Amino acid sequence: MSDNDEELFNTDSMEIIEELVKFYDLSFREIERLLSYFAILQNMIFKSTFIPYYQNIIAFVCLLKVRNHELLNSLDSISYEKLVSECNLSPFENNTSNYVLYSLVKYLKFDLSDDETRNQILKDKEVHIASHGRLPKNILTKVNTWFSDISQNN
Numbered sequence: 100m101s102d103n104d105e106e107l108f109n110t111d112s113m114e115i116i117e118e119l120v121k122f123y124d125l126s127f128r129e130i131e132r133l134l135s136y137f138a139i140l141q142n143m144i145f146k147s148t149f150i151p152y153y154q155n156i157i158a159f160v161c162l163l164k165v166r167n168h169e170l171l172n173s174l175d176s177i178s179y180e181k182l183v184s185e186c187n188l189s190p191f192e193n194n195t196s197n198y199v200l201y202s203l204v205k206y207l208k209f210d211l212s213d214d215e216t217r218n219q220i221l222k223d224k225e226v227h228i229a230s231h232g233r234l235p236k237n238i239l240t241k242v243n244t245w246f247s248d249i250s251q252n253n
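Per my numbering, residue 100 is the first one in the sequence shown, and the count goes up by one each step.
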């Protein structure tokens, strides 16, 4: 995915992708597709480095494009509970044995919650989001829209 002298950005995404590949026991073809989707976004954002919140969501949306396209299409109306359940990530809601997937679940909860819940999540330090001003919201939908924009422009 990168030449030896090329600087890598968003390396947290690669860590979550690695854990998702192991957890879902993806086939080589699925891994190839997942990495292709990730490479498309990586090239689209060029040399921007995203905070871990974005990187987790980007990796997860790439996974959904490979494994569960129907679920991907319902991101603007799905609840956190349904998403986590449908993706078999419920065991990681309160289990830090796999900290990468535990963090992903916390970021999904943050992204899909109302403002009051989001503030409580931050207060309880369930997620760490370094932001300058407004906190990002609906990143799942936003990242999915990036793929839609690419499709419409081609």
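Backbone N, C-alpha and C fix where the C-beta goes; we use that ideal spot for every residue, glycine too. None of these values were measured; they are calculated from a predicted model.
When rounded, the separation of the alpha-carbon atoms in LYS121 and ASN218 is 32 Å.
Inter-residue distance for ASN155 and THR216 is about 19 Å (C-alpha atoms, whole angstroms). Annotation for TYR123: ARG166 place their beta carbon closer than 7 Å to its own, counting only its chain and skipping 5 residues before and after. The C-beta separation of LEU211 from SER178 comes to about 7 Å, placing the pair in contact by the 8 Å criterion.
Pairing TYR206 with VAL226 gives a Cβ-Cβ distance under 8 Å. In this structure VAL199 is in contact with GLU114, their Cβ atoms being roughly 6 Å apart against a cut-off of 8 Å. Going by DSSP, CYS186 is part of no alpha helix (DSSP H) at all; its letter is neither H nor E.
An exposed status is given to PHE127, since fewer than 16 other beta-carbon atoms sit within 10 Å of its beta-carbon. Each residue's CA atom was taken as its position, placing LYS222 and PHE209 some 12 Å apart. LEU162 is positioned such that its CB atom lies no closer than 8 Å to that of GLU185. For ILE130 and LEU140, the gap between their C-alpha atoms comes out near 16 Å. With a threshold of 16 other beta carbon atoms within 10 Å, ALA158 meets it and is buried.
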